[in-house]
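Residue numbers are given in the working numbering: position 580 of the sequence shown equals residue 2017, and the series is strictly consecutive. Right, one structure below, let's go through it.
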Amino acid sequence: MNAFKRDKKEEEDGGGNPFQNLEKTTVLQEARTFNDTPVNPRKCAHILTKILYLLNQGEQLGTMEATEAFFAMTKLFQSRDVVLRRLVYLGIKELSSLAEDVIIVTSSLTKDMTGKEDLYRAAAIRALCTITDSGMLAAIERYMKQAIVDRSPAVSSAALVSSLHLTSVSGDVARRWANEAQEALNSNNVMVQYHALGVLYQARKADKHAVIKLVAKLMRTSPKSPYAACMLIRMACKLLDEVDEGEELLGFIECCLRHKSEMVVYEAAHALVNLGRSGPREISPAISVLQLFCGSQKPALRFAAVRTLNKVAMTHPAAVTACNLDLENLITDSNRSIATLAITTLLKTGAESSVDRLMKQIATFVSEISDEFKVVVVQAIRALCQKFPRKHAVLMNFLSAMLRDEGGLEYKAAIADTIIAVMEVNAEAKEAGLAHLCEFIEDCEHISLAVRILHLLGQEGPTSKQPSRYIRFIYNRVILESASVRAAAVTALARFAAACPPLLPNVLVLLSRCQLDSDDEVRDRAAYYCAILQQQNDPTVLPLVQPPQLSVPSLERALRNYMQSQMDEPFDISQIPSAQTIEEPAQVEVHTAVKPQQPRLTREENFMEKLSQVPQLTMIIRDYSLLKSSSVIELTESETEYNVKCIKHTFKDLLILQFDCVNTLSDQLLEDVRVAVEPPEGYAIVCEVPCPRLPYNEPGTTYTVLRYPEDVYASVATIPTTLRFVARDCDPVTGVPDAEQGYNDEYMLEDLEVTLADQVRGNTNRVVDFATWDAATSQGFTKLEETFALGPSVTSLEGAVQSLTGFLGLYAVEGTNRVPAGAAAHNLLLNGNFRNGKHILARARLALSDNQVTMQLCVLCQDPDVAELIISSVG
1438 MNAFKRDKKE
1448 EEDGGGNPFQ
1458 NLEKTTVLQE
1468 ARTFNDTPVN
1478 PRKCAHILTK
1488 ILYLLNQGEQ
1498 LGTMEATEAF
1508 FAMTKLFQSR
1518 DVVLRRLVYL
1528 GIKELSSLAE
1538 DVIIVTSSLT
1548 KDMTGKEDLY
1558 RAAAIRALCT
1568 ITDSGMLAAI
1578 ERYMKQAIVD
1588 RSPAVSSAAL
1598 VSSLHLTSVS
1608 GDVARRWANE
1618 AQEALNSNNV
1628 MVQYHALGVL
1638 YQARKADKHA
1648 VIKLVAKLMR
1658 TSPKSPYAAC
1668 MLIRMACKLL
1678 DEVDEGEELL
1688 GFIECCLRHK
1698 SEMVVYEAAH
1708 ALVNLGRSGP
1718 REISPAISVL
1728 QLFCGSQKPA
1738 LRFAAVRTLN
1748 KVAMTHPAAV
1758 TACNLDLENL
1768 ITDSNRSIAT
1778 LAITTLLKTG
1788 AESSVDRLMK
1798 QIATFVSEIS
1808 DEFKVVVVQA
1818 IRALCQKFPR
1828 KHAVLMNFLS
1838 AMLRDEGGLE
1848 YKAAIADTII
1858 AVMEVNAEAK
1868 EAGLAHLCEF
1878 IEDCEHISLA
1888 VRILHLLGQE
1898 GPTSKQPSRY
1908 IRFIYNRVIL
1918 ESASVRAAAV
1928 TALARFAAAC
1938 PPLLPNVLVL
1948 LSRCQLDSDD
1958 EVRDRAAYYC
1968 AILQQQNDPT
1978 VLPLVQPPQL
1988 SVPSLERALR
1998 NYMQSQMDEP
2008 FDISQIPSAQ
2018 TIEEPAQVEV
2028 HTAVKPQQPR
2038 LTREENFMEK
2048 LSQVPQLTMI
2058 IRDYSLLKSS
2068 SVIELTESET
2078 EYNVKCIKHT
2088 FKDLLILQFD
2098 CVNTLSDQLL
2108 EDVRVAVEPP
2118 EGYAIVCEVP
2128 CPRLPYNEPG
2138 TTYTVLRYPE
2148 DVYASVATIP
2158 TTLRFVARDC
2168 DPVTGVPDAE
2178 QGYNDEYMLE
2188 DLEVTLADQV
2198 RGNTNRVVDF
2208 ATWDAATSQG
2218 FTKLEETFAL
2228 GPSVTSLEGA
2238 VQSLTGFLGL
2248 YAVEGTNRVP
2258 AGAAAHNLLL
2268 NGNFRNGKHI
2278 LARARLALSD
2288 NQVTMQLCVL
2298 CQDPDVAELI
2308 ISSVG
């Protein structure tokens, strides 16, 4: 044991990391010292520590390097030094996955694990199990069973934990050693009992009834180990999620709230508040316990309690309100993590009348915490703004003060996001929010954030009460900032001029000055906008200044197809899908030498590329553009012998059904695989593209092309489907067929629904003026209106919005897609195109009363049949 002691001189040596500048090559050369005779334990232990340090720092050793170091290390078994021997065990564990022929040390490790020195035995067991494979397992099984029931807790615990690790080598290890683990469960050592319970659960987890029996037995005897008690609570919670009746299990967890161990008490409280079936009544005892922990002298308990209360406040804020006084006392806690969690919890549970007082309390605290904690506070304030919209002035003033503090990009972006979110849901906060953001960009150090705010000012500023007040802030950016910010400022100025004619002459003067800028991007933008804005009183100016963000690859393909056609009709840009991911142009530094990224394809563009590569489909779809692709539809259960999924691709007149198939039978090879469909009335099959071969577990695809019926009413239909193929029996290992001839077979699939949403694409490109709603009938639109009571599954306005947009496939116009907090009525404006190119406008007036949503739906469409189809489909 003297080897564990350190000299006084060593203890007095200065701090720092003595291994900071290690080089792998030098250390591996030093490892040759392991071959010296006699062994120098002190020197070898120091070198071995260096190797372990390098490995744990992520240093990569080659196979040859690791093998040489490993075999040199095995020479150290001749030393009797305790510290060196324990380091050797650690070295074996670390190098076992890198070196070759590590099995050579099996006999030495087996000798140590069965020896009399307990200090060696536990570490030897752990090292031996890391190099054990399925072939060696039988040789050490007897020794491991003996070690599990050993009188030494360290040996028993090491054997139990190693048996859990060995389940990756052989899945039934825990089951074969369950008897010994059951005996170890009666140990007086808390860790042995805990690890034994883990092995028993691993052995029985596949059998729910066996787990229920184990938990019921342990609930009666109550494990002495607090760790085992915590694990038992988790097992009980898992069972509660799986069984319908669990009053006894729930009673056991509540009983654990009175356990003598604080660890078990917290585990029980945490379990109760996280149960899916828990309501205010069930979590009330847990809240009381967590409230007591908030006043504990132990920081760990205070942190655990306030973190759990913070999570509960998201679902049951009223239940946490009783703890508000204790949480306010934690605002001044010396541990900033605890204080931050206490603040965010109070922000979620506080009443509207306490908002002003709470903001004063945390004002001084916020300046003392790190950016990471500040972001958490900002997110909580964002939720508070949505909860109490009338307090937007106080909260936005607080946020603006935080904007003036020092902080990084993530922190400042979180504040800006919160202010923008408040403006979106609360029209009264718009003016104040824009004013705060204008002040912020005066001193903003982050280019990307300044560009984003300028983009927002260009969108929202022209519709404010005094648009001219923002011109100065924007033009200051042209004078003082970098090229990216100047370019964004030019675009924002042009939007003000386009939307506010009184400002046009002054903005043109400013833009003419920008044409002298040193950056070509800024000059080009200014020249472009000046040329457009000088076309006074032209209603097309605004769309040109604010162009729709189209998908460039789709636009290019559509233009190419249009030029190859007769060009009898004008080109319809509304058929082009919007880009899914488009960066703000001004965010790109013009002078950077970085290669520009290729434009990302939309989902429809990716599918169009794949369909174009199928020879049988190329000629059919070359004159069409893909309107929409549906989500993946499962036509079989996941555990069946054949898995079939479908994706519906909608074109103007065609519907392409893409069937992705997987054969899960290893003894069968499928050939000429296709999905036979029975076309409903009005539909016609254009062609079928079968999959030639479908080997085991390899995906294959077959296509069926249908032509939509001329009558749009018949387009919403149900299509029966059957998987048909030629099956050939084959060898499960090689996949080689046993016979030359196969046999025809078929497999019934689920019916496929063709819905209204499959034929409609939400339109984000077209500029929609819903103010001219009443005049739309004179512009060739058919107007139909109907009132509906939505089904019992829709109990909120948010659910009604999601359900309606998903069912109709239309795009919710920005500003109407979100329901204000606490609103009892909402107007939803929808916009899109039918597959024949006809434009659709819809207005849904939603009202909520006693969990019943009533909807007045008005549809405008250039095609009267489509308008009738929409109304009848909803009904």
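Ideal Cβ positions, reconstructed from N, Cα and C, are used throughout, including at glycine. Note that the structure is a prediction, hence the values are computed from the model and not measured.
Per DSSP, cross-strand counterpart(s) of residue i
{"i": "R2144", "result": "L2091, A2121"}
{"i": "G2269", "result": "G2199, I2277"}
{"i": "I2070", "result": "C2083"}
{"i": "I2156", "result": "L2189"}
{"i": "L2283", "result": "H2263, M2292"}
{"i": "C2128", "result": "V2110"}
{"i": "N2181", "result": "V2163"}
{"i": "V2051", "result": "In DSSP, V2051 forms no bridge with anything."}
{"i": "C2098", "result": "V2081, G2137"}
{"i": "T2224", "result": "Q2293"}
{"i": "Y2248", "result": "N2268"}
{"i": "P2174", "result": "C2167"}
{"i": "K2065", "result": "T2087"}
{"i": "Q2105", "result": "D2166"}
{"i": "C2298", "result": "T2219, I2277"}
C-alpha distance - residue i paired with residue j, whole-angstrom precision
{"i": "R1744", "j": "M1751", "result": "12 Å"}
{"i": "Y2372", "j": "L1601", "result": "With the chain running from 1438 to 2312 in the structure shown, residue 2372 is simply not present."}
{"i": "E1843", "j": "L1917", "result": "21 Å"}
{"i": "Q2035", "j": "V1989", "result": "Reliability fails at Q2035, whose pLDDT of 46 lies under 50, so the model's placement of it is uncertain and the value that follows must be treated cautiously. For Q2035 and V1989, the distance between alpha carbons rounds to 11 Å."}
{"i": "V1476", "j": "H1483", "result": "13 Å"}
{"i": "L2278", "j": "L2247", "result": "9 Å"}
{"i": "T2138", "j": "D1570", "result": "40 Å"}
{"i": "K1748", "j": "L1783", "result": "12 Å"}
{"i": "E2026", "j": "A1931", "result": "Residue placement at E2026 is poorly supported in this model, since its pLDDT is 33, which falls under 50; the coordinates still yield a value, given next. Whole-angstrom Cα-Cα distance: 20 Å."}
{"i": "V2204", "j": "K2085", "result": "Here the model assigns V2204 a pLDDT of 45, short of 50, so the residue's position is not dependable and the matter cannot be decided."}
{"i": "M2004", "j": "M1860", "result": "46 Å"}
{"i": "C1566", "j": "R1523", "result": "15 Å"}
{"i": "A1615", "j": "M1510", "result": "35 Å"}
{"i": "R1997", "j": "P2301", "result": "31 Å"}
{"i": "S1516", "j": "V1680", "result": "57 Å"}
{"i": "Y1490", "j": "C1760", "result": "47 Å"}
Check whether residue i and residue j have beta carbons under 8 Å apart
{"i": "D1956", "j": "A1929", "result": "no"}
{"i": "S1533", "j": "I1568", "result": "yes"}
{"i": "K1811", "j": "Y1848", "result": "yes"}
{"i": "L2283", "j": "L2265", "result": "yes"}
{"i": "V1710", "j": "V1726", "result": "no"}
{"i": "H1596", "j": "M1581", "result": "His is not the amino acid found at residue 1596; the sequence shown has Ala there. Yes, Cβ-Cβ distance for A1596 and M1581 is below 8 Å."}
{"i": "T2087", "j": "L2054", "result": "no"}
{"i": "A2260", "j": "L2241", "result": "no"}
{"i": "N2200", "j": "N2134", "result": "no"}
{"i": "L1527", "j": "P1478", "result": "no"}
{"i": "S1991", "j": "S2062", "result": "yes"}
{"i": "K1487", "j": "V1464", "result": "yes"}
{"i": "Q1952", "j": "A1968", "result": "no"}
{"i": "P2052", "j": "E2115", "result": "no"}
{"i": "C1731", "j": "L1764", "result": "yes"}
{"i": "L2107", "j": "A2194", "result": "no"}
{"i": "T1855", "j": "I1890", "result": "no"}
{"i": "R2040", "j": "S2067", "result": "no"}
Closer than 7 Å: residue i CB and nearest the ligand NAP heavy atom
{"i": "L1947", "result": "The ligand NAP is not among the ligands present in this structure, which contains no ligands whatsoever."}
8 Å Cβ cutoff, residue i in contact with chain B
{"i": "E1865", "result": "Absent from the structure is chain B; it holds one protein chain and no more."}
May I ask you to verify whether the segment 2169 to 2183 touches the segment 2116 to 2128, counting CB pairs closer than 8 Å and requiring at least 3?
no
Inspect the CB distances between the segment 1657 to 1669 and the segment 1624 to 1633 and report whether three or more fall short of 8 Å.
yes
Could I get the ranges of all uninterrupted alpha helix (DSSP H) runs contained in the segment 1490 to 1556, with 4 residues as the minimum, in chain order?
Correct list: 1500 to 1511, 1519 to 1532, 1543 to 1550.
Any chance the segment 2072 to 2079 sits against the segment 2145 to 2155, with 3 or more Cβ pairs inside 8 Å?
no
Count the CB pairs spanning the segment 1536 to 1550 and the segment 1495 to 1512 that are closer than 8 Å, and state whether there are at least three.
yes
Unbroken alpha helix (DSSP H) runs of length 4 or more, entirely within the segment 1940 to 1977: which are they?
Within the segment 1940 to 1977, the complete alpha helix (DSSP H) segments of 4 residues or longer fall at 1941 to 1951, 1957 to 1970, listed in chain order.
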